[in-house]
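This note's numbering applies: residue 307 is where the sequence shown begins, and numbers increase by one. To start, the structure under review is shown below, and the notes come after it.
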Amino acid sequence: MAFNIDLSSSSGYDPREKRRGGLLALPAVLWLAIFFIIPLLFVVGISFMTRGTRGAFISPELTLDNYARIFSPTYFSVFVKSIWIAVLTTIICLIAGYPLAFFVATRKSRWAANLALFLVILPFWTNFLVRTYAWRLILGNEGLINAVLVGLGIVEQPVQFMFTDFAVQVGLVYGFLPFMVLPIYATIERFDFRLVEAANDLGANDIRAFLRVVLPLTMPGVIAGCILVFIPAIGSFITPELLGGNQGLMIGSLIQRQFGGTGNWPLGAAASVVMMGIVMLALMVYAFASSRRK
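Listed below in C-alpha cells is the structure:
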C-alpha cells in the first residue's frame, strides 16, 4: 500500500501563500523604494559633491570637505546642542508623561479614562504650526506670562522668554509629550496589577513594588516613548525657528537654511546624512534594548 504524503501541508509551509504574501507586500516595497530609498541615495550622493557656481546648486566634483565642515567646531556645536536639547526634552517628557499615563490607565471608570485619553490627544486636532504660534503669544514680552508677572509686581520689566533655549525647550516638550504618554499608557493598561498585590504580600512597600515590578514590566512603553520623542525632537524645525530664532539654531534649522535661498546644498545634504546616522543609532539602541527585554 502506497501513501502519498504532502509535506508542504503537513509542515504548514505553502509556497503559494508565500508568493501571495510577496505580491501583497509589493506595493509597499515599491512605495518605499520610490519615495524613500531613491531620494535617500540622492541625498547621500549630493553630500559628496561640491557647491555649484553661476546659479548651479551642485557641481559633480567629489569631495569630503562637506563632512569635514560638519565636524568642525562651528557646525558640530549645533549637533551637540541639538542632541542635548532632544535628550533633555525626552527626560522632561518621561518625568511628566509617566505619571500622566499611569493616571489615565488606572481610572476605574472607563468613561473617565476615555475622557482623560481624549484630552491627551486633543492637541493633535490643531495644526502644529498654529500651536507653536500660540506659544509666541504666551511667552512674548506682552504675552500672558509676562502680563501676570508684571501685574503681580514680581518683575518690573517683561522677562525675555522668546528667542531663547528655554522657549524652544517648552515648545518641544509641549509638542511631543503625547508621544511619550500614549505608548506608556498602552503598556500600563495591559499590566496585571495583581502582581503589585503579590509584591505587597511578600513585604514590598509601594515604592519597592513600583521599582521592582511595575517599572520593569512597563519598560517597553518607556523605551518606545523615548524613541518617539527623541527622533522628532532632534530634527525639529518649526519650534526652533519660531520660538528660538537665531539663538535656537538646531539641526533642522541648519539643514533648511542650507537648502533655501543661497545656501549650500552639499553641506545641507551632509548634515542630513549625519542626522540620519544619529537617528539610526537611536533606533539601534531601541532594537538592542528590545532584544534584551525579550
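Backbone N, C-alpha and C define an ideal beta-carbon position, used for all residues, glycine too. Predicted model, so just to flag it, every value in this text is computed and none were measured.
**Request:** Helix, strand or coil for I460, going by three-state DSSP, please let me know.
**Result:** Three-state DSSP puts I460 in coil, outside helix and strand.
**Message:** Between which residues of its own chain and S388 is the CB-CB distance below 7 Å, once the five residues before and five after are set aside?
**Reply:** I540, M556, I557
**Request:** Going by DSSP, name the residue or residues bridged to S597.
**Result:** S597 pairs with nothing; no bridge assigned.
**Asked** Taking just the CA atoms, how far does A595 sit from N511?
**Response** 28 Å
**Request:** Verify whether the separation of the beta carbon atoms of A422 and V410 is less than 8 Å.
**Result:** yes
**Request:** Compute the Euclidean distance between the alpha carbons of R322 and P333, then round it to the nearest angstrom.
**Result:** Rounded to the nearest angstrom, the two C-alpha atoms are 18 Å apart.
**Request:** Just the C-alpha distance for R496 and P345, rounded to the nearest angstrom, thanks.
**Result:** Looking at the backbone, the Cα of R496 and that of P345 are separated by about 40 Å.
**Cβ pair count under 8 Å reaching 3, the segment 437-453 against the segment 520-539** = no
**Prompt:** Starting from N372 and walking both ways along the alpha helix (DSSP H), at which residues does that stretch end?
**Reply:** 371-376
**Request:** State the CB to CB distance for the pair A392 and F536, rounded to an integer number of angstroms; the pair is presumed to be in contact (CB under 8 Å).
**Result:** 5 Å
**Alpha carbon of S586 to alpha carbon of L455, nearest angstrom** = Reading off the sequence shown, one finds Met at residue 586, where the question assumed Ser. In this structure, the straight-line span from the alpha carbon of M586 to that of L455 is close to 44 Å.
**Prompt:** Buried or exposed: which applies to P572, given that a residue is buried once 16 or more other Cβ atoms fall within 10 Å of its Cβ?
**Reply:** buried
**Message:** Using C-beta distances below 7 Å, list every residue in its chain close to P604, excluding the 5 sequence neighbours before and after it, in chain order.
**Reply:** No answer is possible for residue 604: it lies beyond the span of the chain, which begins at 307 and ends at 600.
**Asked** Helix or strand or just coil, what does DSSP make of R357?
**Response** strand
**Request:** Enumerate in chain order the residues of its own chain whose CB-to-CB distance from I398 is below 6 Å, with the five nearest sequence positions on each side excluded.
**Result:** Excluding sequence positions up to five before and after I398, its CB lies within less than 6 Å of the CB of V479, all in the same chain and listed in chain order.
**I398 - containing alpha helix (DSSP H), residue span** = 379-411
**Prompt:** Quick one: Cα of L589 to Cα of G550, how far?
**Reply:** 28 Å
**Message:** Just to confirm my understanding: we take R563, look at its own chain, exclude 5 residues before and 5 after, and list those with CB closer than 6 Å. What are they?
**Reply:** The beta carbon of R563 sits closer than 6 Å to the beta carbons of G569 from its chain, once the five residues preceding and following it are set aside; these are given in chain order.
**Request:** Give, in chain order, every unbroken run of the alpha helix (DSSP H) that is at least 4 residues long and sits entirely within the segment 445-514.
**Result:** 450-457, 471-495, 500-507
**Coil, strand or helix - S542 by DSSP** = coil
**Item:** Cβ shell of G358 (< 7 Å), same chain only, five flanking positions each side left out
**Value:** I364, S365
**Message:** Let's test the definition: count the other Cβ atoms within 10 Å of the Cβ of Q463 and tell me whether it reaches 16, buried, or not, exposed.
**Reply:** Exposed: under 16 other Cβ atoms inside 10 Å.
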